[in-house]
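Participant:
Numbering (my numbering), first residue to last: 168 to 738.
#1: Which residues share a DSSP beta bridge with residue 694?
#2: With a CB to CB cut of under 7 Å and the five nearest residues on each side skipped, what residues in its chain are close to residue 363?
#3: Where residue 206 and residue 215 are concerned, what is the direct C-alpha to C-alpha distance, given to the nearest angstrom?
#4: With 16 other CB atoms within 10 Å as the buried threshold, where does residue 218 fall?
#5: Using a threshold of 8 Å, state whether the C-beta atoms of residue 425 and residue 555 are closer than that.
#6: Given a cut-off of 8 Å, decide if residue 640 and residue 674 are closer than it, judged by their beta-carbon atoms.
#7: Do the CB positions of residue 347 and residue 416 come within less than 8 Å of each other?
#8: DSSP state of residue 353, grouped into three classes?
#9: Starting from residue 630, follow its DSSP beta bridges and name the residues at the other end.
#10: Determine contact between the stretch 537-548 and the stretch 291-301, defined as no fewer than three beta-carbon pairs at a distance below 8 Å.
#11: Going by beta carbon distance, what residues of the same chain come within less than 8 Å of residue 520, once the five residues before and after it are set aside?
#12: Which residue's Cα is closest to the Cα of residue 271: 235, 342, 407?
#13: Going by the CB atoms, is the gap between residue 688 and residue 603 shorter than 8 Å?
#14: Answer yes or no: do residue 517 and residue 491 have a C-beta to C-beta separation smaller than 8 Å?
#15: Quick check on DSSP: helix, strand or coil for residue 424?
#16: Pick helix, strand or coil for residue 518, following the three-state DSSP scheme.
#17: Where does residue 445 land, buried or exposed, given buried means 16+ other C-beta within 10 angstroms?
#18: With residue 238 and residue 719 assumed to form a contact (beta carbons below 8 Å), what rounded beta-carbon distance in angstroms separates them?
#19: Can you tell me whether DSSP reads residue 270 as helix, strand or coil?
#20: Take residue 458 and list the residues in its own chain whose beta-carbon comes closer than 6 Å to its own, dropping the five residues that flank it on each side.
#21: To which residues of the same chain is residue 229 closer than 6 Å at the C-beta, ignoring the five residues directly before and after it?
#22: How many Å lie between residue 653 and residue 267 at the Cα?
#23: Could you pull out every residue in the same chain whose Cβ sits closer than 6 Å to the Cβ of residue 471, ignoring the five residues on either side in sequence?
#24: Can you check which of these residues, 290, 699, 663, is closest to residue 649 by C-alpha distance?
#25: Does the stretch 496-515 come close enough to the stretch 572-581 to have 3 or more Cβ pairs within less than 8 Å?
#26: Can you check whether the CB of residue 669 is closer than 8 Å to the CB of residue 651?
#27: What number of angstroms, rounded off, separates the C-alpha of residue 677 from the C-alpha of residue 613?
#28: For the stretch 376-396 against the stretch 449-457, are there 3 or more C-beta pairs whose distance is under 8 Å?
#29: Would you mind working out which of 530, 232, 710, 380 sits nearest residue 482, comparing C-alpha positions?
#30: So for residue 383, helix, strand or coil by DSSP?
#31: So, does the stretch 524-531 touch the stretch 617-627, judging by three or more C-beta pairs under 8 Å?
#32: Rounded to the nearest angstrom, what separates residue 259 and residue 342 at their Cα positions?
#33: Can you tell which of 332, 721, 629, 594 has its C-alpha closest to the C-alpha of residue 694?
#34: Using the rule of at least 16 other Cβ atoms within 10 Å of the residue's Cβ for burial, across every protein chain shown, is residue 264 buried or exposed?
#35: When burial is assigned at 16 or more other CB atoms within 10 Å of the CB, is residue 724 buried or exposed?
#36: Quick check on residue 535: does DSSP put it in helix, strand or coil?
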């Protein structure tokens, strides 16, 4: 090395030492310089982010790549030629080997063991429950929001960890995914609002995401060639599976103040009054009629706002169910100061069991006074409940903080006669008639209602928690129906719909011969391990398989799973 080069390099070394705050000491000998050929320059490499959206399955209801599935319909769910907004893509490149993300799931440490101890102090349970829920929420949000040049919840290229969607929530014109964010139409909701005698009627739209552990199980059903392998045996998710689901509402902050300052999307939705369809012939609309009577629009009805965020975690410490369900809700007024709009939520609660009533007892009053005494298998944040109800009107049954049966965990978007786990525990593979258990007994005509307060003068009559009149039907008592829907269904085991009637005879409340699986000897329901989205998607898949041999004008979607099935939207 010539002297000029040595002088230049030495000068740079001294300058670097000065800038680093380290002064050269007089007695320190400068180490000999290495030859330039000995210096190794390490190049920084940008990590390769795998795109998990393959286009194998339809992304939304009228995806142009799958015209055979919406043939003959009025087109209202496809991006216009001049569309400048986001277009949803389905993340469906599922792992084909099991994935365990334990290293990035801090809630799985021993610190949270006491949360599942029924004898633990209530203050500690509340503290641990709150921390557990926030750890899960931030795990779900990590990399899915606030990314440069990426739409929030566009999970195709998450830079932190991969996330996935479930296919085939696209075939039904009434509820199928919309094209901007992949939202599916969920339930109609009716809220009593302060200062008005008029009830606020709106609709929920939502999108679910699955971590790689959960997606491995999805991939056992949804194949890489675009076909479904319908389970013939009970399905079970693996430890560490996580599902997240933001739910958006079509109302406004003027009516529901908690929606103020919350994340807002312009989505391609249908009428917020939960549009329905009137058939020209028969009792059910054709798919064509549904597309005509319930069209979508990105501009006609305004934006949707985040009202609720649900999560589910496969958790072996949860006795029996092996699941933890949690719900956050919009808190836009109190948390307006929080910089990130997605963090302007508050925990409503979490649960890992239904606090099942003992034999012969009723769910509407068991356990006794949970607000005072607490639950054994739940944590409810009463401060959040109070904030939701602060904006309620004269009809208390329709307050946003209604919770579930006897104040079990249920969000504003959910039915007050159920609970998160009660509803999801019914998830089953559709039988050959595309029948599944109703999500709650109120959703199937002729069944005795659940969560009923009996009439003191006539125990065969009463009213449910929403105020609807109820009667004992087919000798299935109110307590017997509660024993079905508020049981702790073990993970990966069939949902049991057999109970004893008032004569003491074991009775299938859905009728003899149900379920009827064509290619299986099973006489009980095939479990989908609490995954209602899997049940809904398989229902639509099986309908599509049937319709391929049916003429387009005669295709009827008669077996849609809806949370409001057989209940008027005005109730």
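Each residue gets a CB set at the ideal place from its N, CA and C atoms; glycine is no exception.
Facilitator: Reading off the structure:
#1: For the purposes of this step, residue 694 is identified with residue 527 of the chain shown, where counting begins at 1. According to DSSP, residue 694 bridges with 595.
#2: Locating residue 363 in the chain shown gives position 196, where the first residue counts as 1. If we look at residue 363 and ignore the five residues flanking it on each side, its Cβ neighbours are 560.
#3: On the chain shown, position 39 is the one that residue 206 refers to. On the chain shown, position 48 is the one that residue 215 refers to. Confidence at residue 206 is low in this model, with a pLDDT of 44, below 50, so the placement of that residue should be treated as unreliable; the coordinate-derived value is given next. Looking at the two C-alpha atoms, the distance is approximately 27 Å.
#4: Taking the first residue of the chain shown as 1, we reach residue 218 at position 51. Under this definition residue 218 is an exposed residue.
#5: Numbered from its first residue, the chain shown carries residue 425 at position 258. Numbered from its first residue, the chain shown carries residue 555 at position 388. Result yes, Cβ atoms of residue 425 and residue 555 sit closer than 8 Å.
#6: Mapped onto the chain shown, residue 674 falls at position 507. Mapped onto the chain shown, residue 640 falls at position 473. In this structure, residue 640 does not lie closer than 8 Å to residue 674 by Cβ.
#7: Start at 1 with the first residue of the chain shown, and residue 347 comes out as number 180. Start at 1 with the first residue of the chain shown, and residue 416 comes out as number 249. Not in contact: residue 347 and residue 416 (Cβ atoms no closer than 8 Å).
#8: Numbered from its first residue, the chain shown carries residue 353 at position 186. Correct three-state label for residue 353: strand.
#9: To locate residue 630, count along the chain shown from 1; it is residue 463. Paired residue(s): 620, 636.
#10: yes
#11: One-based indexing of the chain shown puts residue 520 at position 353. The residues are 485, 486, 487, 488, 543, 544, 545, 588, 655.
#12: The count along the chain shown starts at 1 and reaches residue 271 at position 104. Cα-wise, what sits closest to residue 271 is 407.
#13: In the chain shown, counting from the first residue as 1, residue 603 sits at position 436. In the chain shown, counting from the first residue as 1, residue 688 sits at position 521. No, these two residues do not count as a Cβ contact at 8 Å.
#14: As a position in the chain shown, residue 517 is number 350, starting the count at 1. As a position in the chain shown, residue 491 is number 324, starting the count at 1. Yes, the pair counts as a contact, with Cβ atoms nearer than the cut-off.
#15: Here residue 424 refers to the residue found at position 257 when the chain shown is read from its first residue. Residue state, collapsed to three classes: helix.
#16: Position 351 of the chain shown, counted from the start, is the residue given in the question as residue 518. Residue state, collapsed to three classes: strand.
#17: Here residue 445 refers to the residue found at position 278 of the chain shown. Looking at its Cβ environment, which holds fewer than 16 other Cβ atoms inside 10 Å, residue 445 is exposed.
#18: Here the question's residue 238 lines up with position 71 in the chain shown. Here the question's residue 719 lines up with position 552 in the chain shown. That pair is a contact at about 5 Å.
#19: Reading the chain shown from its first residue, position 103 is the one you call residue 270. Correct three-state label for residue 270: helix.
#20: The residue given as residue 458 occupies position 291 in the chain shown. Correct list, in chain order: 240, 241, 340.
#21: In the chain shown, residue 229 corresponds to position 62, counting from 1. Answer for residue 229: 237, 242, 244, 245, listed in chain order.
#22: In the chain shown, residue 653 corresponds to position 486, counting from 1. In the chain shown, residue 267 corresponds to position 100, counting from 1. Those two C-alpha atoms are separated by around 31 Å.
#23: Here the question's residue 471 lines up with position 304 in the chain shown. Counting only Cβ-Cβ distances below 6 Å, and skipping sequence neighbours, we find 372, 415, 417, 432, 434.
#24: The sequence position of residue 649 within the chain shown is 482, counting from 1. Measuring from the Cα of residue 649, the nearest candidate turns out to be 663.
#25: yes
#26: Residue mapping note: residue 651 aligns to position 484 of the chain shown, counting from 1. Residue mapping note: residue 669 aligns to position 502 of the chain shown, counting from 1. No, these two residues do not count as a Cβ contact at 8 Å.
#27: If you number the chain shown from 1, residue 677 lands on position 510. If you number the chain shown from 1, residue 613 lands on position 446. Cα-Cα distance, rounded: 9 Å.
#28: no
#29: By one-based count along the chain shown, residue 482 stands at place 315. Of the listed residues, the one whose Cα sits closest to residue 482 is 380.
#30: Residue numbering aside, residue 383 sits at position 216 when the chain shown is read from its first letter. Helix at residue 383.
#31: yes
#32: Residue 259 sits at position 92 when you count from the first residue of the chain shown. Residue 342 sits at position 175 when you count from the first residue of the chain shown. The alpha-carbon atoms of residue 259 and residue 342 are separated by roughly 20 Å.
#33: As a first step, residue 694 must be located in the chain shown, where it is residue number 527. Considering only alpha carbons, the answer is 594.
#34: As a position in the chain shown, residue 264 is number 97, starting the count at 1. Residue 264 should be labelled exposed.
#35: As a first step, residue 724 must be located in the chain shown, where it is residue number 557. Classification of residue 724: buried, given that the 10 Å Cβ count is 16 or more.
#36: The sequence position of residue 535 within the chain shown is 368, counting from 1. Reduced to three states, the DSSP call for residue 535 is coil.
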